[in-house]
């Protein structure tokens, strides 16, 4: 694997030299794309440091958590668990954003002290993450003292460099989005009473014209540096669609950014150092949380040099333009990658309180299990396109892939009727030789190739946050393995004949080896199901890392540490089929004639 990757990096360097040669012909788009992928991979290959820092956005506490919050957390959790399997020292941060005018107004409406209001809602997020097995290593709240100190220091660095100046702001502001907008970002609309209002064209939220004296950040000074950064790092923003969106934004001039609000309008926030009449802009405050967790301003170097962000597409501008500009101004490295995901709709409509279609993720995890919801979100969630949620979709997917395909496969090869010894049986190389000629057929060899290559395929997709593609590849192999078992029908073999017995054991051995690989690769997505599966087939906790994905060693003429080992305890089905709550109502009622015949 190392040799292959080094070869890829050398190929990319050669391509880079060729690309800048004056006699070079233009390369086809497919070739350029292939080398762009190599360039992205080389950032992972060449780095000796095995530290990794992944973050979710910190979530705004103006309302309870919804499905989109869990989706962000599940993506980051998956990447964190994947890196741990790879032997990395991984830090995973999430938390809550607790300052701003929207919070101040929400607390007033609830008749609560702002800090108590924030604490109550923040605890709901913590409960959600605990319920859904989100294994964060740091939970940050922007009302913490460590964060306030980090923000004050960061502000002072920008101020001392002359990047913040006292000025006046006149323009549109969305309280709902906590965002300043240019005239081109604002359109006309009508509120519920029919009154004409101005709204953000992106979010649809109401905007107000604002005129006030505050502090401005010299955002305009960083446009060329941002373009250089992105052009030199084509994988800095993934997926590619969002990378190009940011490049497009940067074709227009960047106005300087207001980074404070007057204290008499916004009291709930961190005061500007040295000016108690101004409050630091909530987005500058919030973005610094990533540095706070890394140990800024004193001990952040180790973690900040390996930072990766997971964000929703609605906050891309803040993370891909404002945040890198702030960091460049402060003389700090930029994030390695900003992973962007799209939103969830419900039956094709955006989730909103007014429509009453907001999906409660805790209710869903109770209905479909924690791992069931994690699997659905990561299997159906396509980062560069909005995804649609219905309960029926969840049931159908989980029944088909977790209960039937994966669970059925495990049940087949561990059932006492087929595996009476309840052990990892022997592999017979005469029955399944490396060269065709035994009892295996061509499709069986295709399956072995697919499963052998599966870890590298899944690794590539995990690295690029295309978890759904990783799961597609895994479930395709699961189906192939089910086909392998069905094709050879080991339950029909005559155990009294030695060759049949050897072949039966070989079929079960191969199937268990496939399951071992699937269980190992699925750990970042469905940790509880993976643990049940691996425990059932006798794989110990210390044998479940990425380094343990050497598939079917007996086929390669090597020893298999699992051969002859007793299986683990039988816990029943791997994943129980989910029934529709209306299943009984939908069953046809017996006719009078049928009832009389009973």
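Numbering (the working numbering), first residue to last: 820 to 1417. Even glycine gets a Cβ: it sits at the ideal position worked out from N, Cα and C. In this text the structure is predicted, and so the values were computed from the model without any measurement.
Pull up the distance between the alpha-carbon of residue 1386 and that of residue 1327, whole angstroms please.
By one-based count along the chain shown, residue 1386 stands at place 567. By one-based count along the chain shown, residue 1327 stands at place 508. The straight-line gap from Cα to Cα measures roughly 12 Å.
Nearest to residue 1369 by CA position, among 1199, 1048, 1384 and 1274, is which residue?
Numbered from 1 along the chain shown, position 550 holds the residue referred to as residue 1369. Selected option, being the one with the closest Cα: 1274.
Does the stretch 1003 to 1017 come close enough to the stretch 930 to 948 that 3 or more CB-CB pairs lie under 8 Å?
no
With a 10 Å radius around its C-beta and 16 neighbouring C-beta atoms as the bar for buried, classify residue 1262 as buried or exposed.
The sequence position of residue 1262 within the chain shown is 443, counting from 1. With fewer than 16 other Cβ atoms within 10 Å, it is exposed.
Would you call the stretch 1107 to 1121 and the stretch 1049 to 1062 in contact, with 3 or more CB pairs under 8 Å?
Taking a cut-off of 8 Å for Cβ pairs, the stretch 1107 to 1121 and the stretch 1049 to 1062 do not touch, as fewer than three such pairs fall below it.
For the stretch 1027 to 1095, list the beta strand (DSSP E) runs that are entirely contained and at least 3 residues long, ordered along the chain.
1027 to 1036 and 1079 to 1081
Okay, do the stretch 902 to 922 and the stretch 1104 to 1114 touch, 3+ Cβ pairs below 8 Å being the bar?
yes
Can you give the Cα-Cα distance for residue 1097 and residue 1070, rounded to whole angstroms?
Taking the first residue of the chain shown as position 1, residue 1097 is located at position 278. Taking the first residue of the chain shown as position 1, residue 1070 is located at position 251. Computed Cα separation, rounded: 32 Å.
Buried or exposed: residue 1324, going by 16 or more other Cβ atoms within 10 Å of its Cβ?
Along the chain shown, one-based indexing puts residue 1324 at 505. Its Cβ being crowded by 16 or more others within 10 Å, residue 1324 is buried.
Distance check for residue 1297 and residue 1331, CA to CA, integer angstroms please.
Position 512 of the chain shown, counting from 1, holds the residue named residue 1331. Position 478 of the chain shown, counting from 1, holds the residue named residue 1297. Going from the Cα of residue 1331 to the Cα of residue 1297 covers about 11 Å.
Contained alpha helix (DSSP H) runs [length at least 4] in the stretch 1082 to 1170, N- to C-terminal order:
Runs of the alpha helix (DSSP H) lying entirely within the stretch 1082 to 1170, each at least 4 residues long, are 1101 to 1106, 1108 to 1113, 1120 to 1123 and 1142 to 1149 in chain order.
According to DSSP, is residue 1206 part of a helix, a strand, or is it coil?
Numbered from its first residue, the chain shown carries residue 1206 at position 387. Residue 1206 falls in the strand class under three-state DSSP.
Reducing DSSP to helix, strand and coil, say where residue 863 ends up.
Translated into positions along the chain shown, residue 863 becomes position 44. Residue confidence is low: residue 863 scores 44 on pLDDT, short of 50, so the model does not pin down where it sits. Its coordinate-derived value is still stated next. Helix at residue 863.
With a Cβ-Cβ cutoff of 7 Å, do residue 1129 and residue 894 count as a contact?
To locate residue 1129, count along the chain shown from 1; it is residue 310. To locate residue 894, count along the chain shown from 1; it is residue 75. Going by C-beta atoms, residue 1129 is nearer than 7 Å to residue 894.
If you check the beta carbons only, do residue 1341 and residue 1226 fall under 7 Å apart?
Along the chain shown, read from residue 1 onward, the residue named residue 1341 stands at position 522. Along the chain shown, read from residue 1 onward, the residue named residue 1226 stands at position 407. No, these two residues do not count as a Cβ contact at 7 Å.
Leaving out the 5 sequence neighbours to the left and right, which residues in its chain are closer than 7 Å to residue 1426 when beta-carbon positions are compared?
Because the chain spans 820 through 1417 in this model, residue 1426 falls outside it and cannot be assessed.
Check whether residue 971 and residue 1092 have beta carbons under 7 Å apart
The residue you call residue 971 lines up with position 152 of the chain shown. The residue you call residue 1092 lines up with position 273 of the chain shown. In this structure, residue 1092 lies closer than 7 Å to residue 971 by Cβ.
Alpha carbon to alpha carbon, what distance is there between residue 954 and residue 908?
Locating residue 908 in the chain shown gives position 89, counting from the first residue. Locating residue 954 in the chain shown gives position 135, counting from the first residue. Those two C-alpha atoms are separated by around 14 Å.
How is residue 914 classed by DSSP in three states: helix, strand or coil?
On the chain shown, position 95 is the one that residue 914 refers to. Residue state, collapsed to three classes: strand.
Contact check, residue 1076 vs residue 1045, beta carbons under 7 Å:
To locate residue 1076, count along the chain shown from 1; it is residue 257. To locate residue 1045, count along the chain shown from 1; it is residue 226. Contact flag unset, no.
Just checking my contact of residue 1451 with residue 1122 at CB under 8 Å: how many whole Å lie between their CB atoms?
This structure cannot settle anything about residue 1451, because the visible part of the chain is limited to 820 through 1417.
Once you ignore the five residues that flank residue 1238 on each side, which residues in its own chain have a CB closer than 8 Å to its CB?
Working through the chain shown from its first residue, we reach residue 1238 at position 419. Contacts found: 1232, 1244, 1327 and 1386.
Smallest Cα separation from residue 1281: which of 904, 998, 882 and 1170?
Against the chain shown, residue 1281 aligns to sequence position 462. Of the listed residues, the one whose Cα sits closest to residue 1281 is 904.
As an exercise, report each continuous beta strand (DSSP E) stretch of at least 3 residues that is fully enclosed by the stretch 984 to 1031, in chain order.
998 to 1000, 1005 to 1009 and 1015 to 1019
Please report how far the alpha carbon of residue 1270 lies from the alpha carbon of residue 1374, in whole angstroms.
Residue 1270 sits at position 451 when you count from the first residue of the chain shown. Residue 1374 sits at position 555 when you count from the first residue of the chain shown. C-alpha separation (whole angstroms): 13 Å.
Spatial neighbours of residue 1259 in its chain, beta-carbon cut-off 6 Å, leaving aside the 5 residues before and after:
Numbered from 1 along the chain shown, position 440 holds the residue referred to as residue 1259. 1251, listed in sequence order.
So, do the stretch 1214 to 1225 and the stretch 974 to 988 have three or more beta carbon pairs nearer to each other than 8 Å?
no
Determine which residues share a DSSP beta bridge with residue 871 and list them.
Position 52 of the chain shown, counting from 1, holds the residue named residue 871. 909.
Do the CB positions of residue 959 and residue 1112 come within less than 7 Å of each other?
Looking up residue 959 in the chain shown gives position 140. Looking up residue 1112 in the chain shown gives position 293. Their beta carbons are under 7 Å apart, which means residue 959 touches residue 1112 by this criterion.
Expressed to the nearest angstrom, what Euclidean distance is found between the alpha-carbon atoms of residue 930 and residue 1359?
Locating residue 930 in the chain shown gives position 111, where the first residue counts as 1. Locating residue 1359 in the chain shown gives position 540, where the first residue counts as 1. Distance between the alpha carbons of residue 930 and residue 1359: 53 Å.
Is the distance from the Cβ of residue 885 to the Cβ of residue 1177 below 7 Å?
Looking up residue 885 in the chain shown gives position 66. Looking up residue 1177 in the chain shown gives position 358. Yes. Within cutoff.
Using the DSSP secondary-structure output, state which residues sit across from residue 958 in a beta bridge.
Start at 1 with the first residue of the chain shown, and residue 958 comes out as number 139. Note: residue 958 sits in a beta bridge opposite 913.
Could you give the DSSP three-state label for residue 1234: helix, strand or coil?
The residue labelled residue 1234 in the question sits at position 415 within the chain shown. Three-state DSSP puts residue 1234 in coil, outside helix and strand.
Rounded to a whole number of angstroms, what is the C-alpha to C-alpha distance between residue 1042 and residue 1304?
Within the chain shown, the letter at position 223 stands for residue 1042. Within the chain shown, the letter at position 485 stands for residue 1304. Whole-angstrom Cα-Cα distance: 59 Å.
Residues in its own chain within less than 6 Å of residue 1022 by CB, not counting five upstream and five downstream?
Working through the chain shown from its first residue, we reach residue 1022 at position 203. The beta carbon of residue 1022 is closer than 6 Å to those of 996 in its chain, skipping five residues each way along the sequence.
Between the alpha carbons of residue 1265 and residue 1170, how many angstroms are there, rounded?
Stepping through the chain shown from its first residue, residue 1265 is reached at position 446. Stepping through the chain shown from its first residue, residue 1170 is reached at position 351. Taking the straight line from one Cα to the other gives about 44 Å.
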